[in-house]
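If you use the numbering used here, the sequence shown corresponds to residues 1229 to 1628, in order.
Glycine is no exception: its CB is placed at the ideal position from the N, C-alpha and C atoms.
To start, the structure itself, in structure tokens.
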Amino acid sequence: MADRWTWAALLIAIVLRTLWKSRFEGVMDSPYLTYFADDYMEARMRFRYAATHAGAELHAIPYPVDDAAYADLSIDVAILRGSSSHLVLHLSGTHGVEGFAGSAIQSAFLANLTALSDDENNRPTILLVHGVNPYGFAALRRVNEHNVDLNRNYLSATAFAAKRAADPNAHGYADLEPALNPREPVLFPFLFYPRMLQIIATMGYTAAKRAVVSGNYHFPHGLSYGGQHIEPSHTLLRTFVAAHIDLEAITHAVLLDVHTGLGPCGADTLAVGSRVLKDVPSVTTTLFPDYVAPDGNAAFSGYDAMSGTAVAGYETWFPPTARTVTVMQEMGTVQSLAVLAALRAENAATQHDAANRKVAAEALRDVFYLRDDPQWKHDVAHRGLTVLHQAIAHVGRLDV
């Protein structure tokens, strides 16, 4: 009997090995895999190394927080000088724990600059901002040290006041708030699924999604909290960019922010916008001629009421006549309810059982970063680099 089980186990191992090999054959030797890190410190080290060896200007903006465990944080910026009137700004880690993909794209880009024009006047100035939310990146949180979602936080004082004065249930968040933000640690995460499926059956998928993602300005310990004022990451970066770039000279700019967690696994979905250029489909085709939206951009369904995004806020730094385009690039990972369940469990652990949040934090990382999947890493890096190179090559065509 023992021999029979031994042979069965051996057969299963051979089958699994064959399946693994066929699944990842051709990507295990992908040149991109080496740029992915296991934690924030390693990601920052890789970025700094690549920037230094690329001859870029490298700057570290200190980011102090009141937590001894995270005493050495920074927003790092690499600048490749080019035209004074054309700019490409690339962001990673706006959503903290999502930063692993954007970081790898930036490091891979810096390590392989041969595709860039040697003539600085024939290419835009390129700013790569690593770890916009360094606390969230290091602590494996999507939000910052104040529980603020930086992609719902770049608002004017008037807009913040309007958000606070608005009905907390304008998009259904208050109705869902008890389900989204439990008052105790989540011991059985799987119980969230039937509850959320019942909500979706009642509200509809897009309406339920809109309630979650539109932004919350009334429950400071809850998910999707947009804060009450602009957070330090944004103000520090605004001060830095103004000191190193002549913003008034910019006539053309692409602002590109990399995220993970929405859309088909390994595929990227682009949300393109502009305050000046109104024909967004033409702008998208001009910048990214080979882009085909997966599932008709279904990843961004329900996001129509969201405001305060980083790239839309940064767009206001430039002259009102500048031809600026904002791009959020979303890299798909796992099913959306799994992402929401992980966000809910991690936030509940942080709010109610911080000493034991490690398991929930690592589970959150794993829905935004498929660190054991070389195919996903290859696809994400390939698409991230493609979109970045296309933005650099085509920013001067923004006259549509």
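Close beta carbons around residue 1542, own chain, < 6 Å, minus the five adjacent residues each side
One-based indexing of the sequence shown puts residue 1542 at position 314. Taken in chain order, the residues that qualify are 1483.
Alpha carbons only, please: which of 1407, 1584, 1603 is nearest the one belonging to residue 1493?
On the sequence shown, residue 1493 is found 265 positions in, with the first residue counted as 1. Looking from the CA of residue 1493, the closest CA among 1407, 1584, 1603 belongs to 1603.
For residue 1421, I'd like the list of residues in its chain whose CB is within less than 8 Å of its CB, leaving aside the five on either flank, ordered along the chain.
As a first step, residue 1421 is located in the sequence shown; it is residue number 193 there, counting from the start. When the five nearest sequence neighbours on each side are left out, the beta carbons in the same chain lying within less than 8 Å of the beta carbon of residue 1421 are those of 1565, 1569, in order along the chain.
Are the CB atoms of residue 1576 and residue 1405 within a distance shorter than 8 Å?
To locate residue 1405, count along the sequence shown from 1; it is residue 177. To locate residue 1576, count along the sequence shown from 1; it is residue 348. Not closer than 8 Å, so no.
Specify the secondary structure class of residue 1250 as computed by DSSP and reduced to three states.
Here residue 1250 refers to the residue found at position 22 when the sequence shown is read from its first residue. Low confidence applies here, because residue 1250 scores a pLDDT of 48, under 50, leaving its location unreliable and the question unanswered by this model.
Residue 1476 - partner residues in DSSP beta bridges
For the purposes of this step, residue 1476 is identified with residue 248 of the sequence shown, where counting begins at 1. Per DSSP, none; premise fails for residue 1476.
Between residue 1272 and residue 1359, how many whole angstroms is the CB-CB distance? I'm expecting something under 8 Å.
Within the sequence shown, residue 1272 is the residue found at index 44, counting from 1. Within the sequence shown, residue 1359 is the residue found at index 131, counting from 1. About 7 Å; that satisfies the 8 Å criterion.
I'd like to know whether the C-beta atoms of residue 1326 and residue 1274 end up nearer to each other than 8 Å.
Here residue 1326 is taken as the residue at index 98 of the sequence shown, counted from 1. Here residue 1274 is taken as the residue at index 46 of the sequence shown, counted from 1. No.
List, from N- to C-terminal side, the beta strand (DSSP E) runs of 3 residues or more that fit wholly inside the segment 1303–1347.
Uninterrupted beta strand (DSSP E) stretches at least 3 residues long and entirely within the segment 1303–1347 occur at 1311–1319, given in chain order.
When DSSP labels each residue in this structure, what does residue 1364 get in the three-state scheme?
The residue labelled residue 1364 in the question sits at position 136 within the sequence shown. Helix at residue 1364.
Spell out the partners DSSP gives residue 1498 in its beta bridges.
Position 270 of the sequence shown, counting from 1, holds the residue named residue 1498. Per DSSP, 1557.
Following the continuous beta strand (DSSP E) through residue 1286, name the residue where it begins and the one where it ends.
Translated into positions along the sequence shown, residue 1286 becomes position 58. That run of the beta strand (DSSP E) goes 1285–1290.
Does residue 1460 come out as helix, strand or coil in the three-state DSSP assignment?
By 1-based counting over the sequence shown, the position of residue 1460 is 232. Of the three classes helix, strand and coil, the one that applies to residue 1460 here is helix, per DSSP.
Residue ranges of each alpha helix (DSSP H) run of no fewer than 4 residues wholly in the segment 1348–1417, ordered along the chain?
Counting whole runs of 4 or more residues, the segment 1348–1417 contains the alpha helix (DSSP H) stretches 1362–1367, 1385–1393, 1401–1408.
Would residue 1426 be called buried (16 or more neighbouring beta carbons within 10 Å of its own) or exposed?
In the sequence shown, the residue the question calls residue 1426 occupies position 198. Label assigned to residue 1426: exposed.
Do residue 1553 and residue 1454 have their C-beta atoms closer together than 8 Å?
For the purposes of this step, residue 1553 is identified with residue 325 of the sequence shown, where counting begins at 1. For the purposes of this step, residue 1454 is identified with residue 226 of the sequence shown, where counting begins at 1. Going by C-beta atoms, residue 1553 is not nearer than 8 Å to residue 1454.
Could you tell me the alpha carbon to alpha carbon distance between residue 1478 and residue 1615, rounded to whole angstroms?
Your numbering for residue 1478 matches position 250 in the sequence shown. Your numbering for residue 1615 matches position 387 in the sequence shown. It is roughly 21 Å from the alpha-carbon of residue 1478 to the alpha-carbon of residue 1615.
In the structure shown, what three-state DSSP assignment does residue 1612 receive?
By 1-based counting over the sequence shown, the position of residue 1612 is 384. In the three-state scheme derived from DSSP, where H, G and I count as helix and E and B as strand, residue 1612 is classed as helix.
Residue(s) in a DSSP beta bridge with residue 1481
For the purposes of this step, residue 1481 is identified with residue 253 of the sequence shown, where counting begins at 1. Residue pairing by DSSP places residue 1481 opposite 1315, 1552 in a beta bridge.
Would you mind sorting residue 1540 into buried or exposed? The rule is 16 or more other CB atoms within 10 Å of its CB.
Numbered from 1 along the sequence shown, position 312 holds the residue referred to as residue 1540. Buried is the call here.
Distance, residue 1424 Cα to residue 1393 Cα:
Along the sequence shown, one-based indexing puts residue 1393 at 165. Along the sequence shown, one-based indexing puts residue 1424 at 196. One Cα belongs to residue 1393, the other to residue 1424, and the distance between them is close to 28 Å.
Please classify residue 1267: is it buried, with 16 or more other beta-carbons within 10 angstroms of its beta-carbon, or exposed?
As a position in the sequence shown, residue 1267 is number 39, starting the count at 1. Its Cβ having fewer than 16 others within 10 Å, residue 1267 is exposed.
Going along the chain, which residues of its own chain have a beta-carbon closer than 6 Å to the beta-carbon of residue 1594, five neighbours each way excluded?
Working through the sequence shown from its first residue, we reach residue 1594 at position 366. When the five nearest sequence neighbours on each side are left out, no beta carbon in the same chain lies closer than 6 Å to the beta carbon of residue 1594.
For residue 1556 and residue 1419, I'd like the C-alpha separation in whole angstroms.
Here residue 1556 refers to the residue found at position 328 when the sequence shown is read from its first residue. Here residue 1419 refers to the residue found at position 191 when the sequence shown is read from its first residue. Distance between the alpha carbons of residue 1556 and residue 1419 is about 32 Å.
Grouping DSSP H, G and I as helix and E and B as strand, with all else coil, what is residue 1602?
Walking along the sequence shown from the start, residue 1602 turns up at place 374. Residue state, collapsed to three classes: helix.
Out of curiosity, what's the CA-to-CA distance linking residue 1583 and residue 1589?
Along the sequence shown, read from residue 1 onward, the residue named residue 1583 stands at position 355. Along the sequence shown, read from residue 1 onward, the residue named residue 1589 stands at position 361. So the two alpha carbons sit approximately 11 Å from each other.
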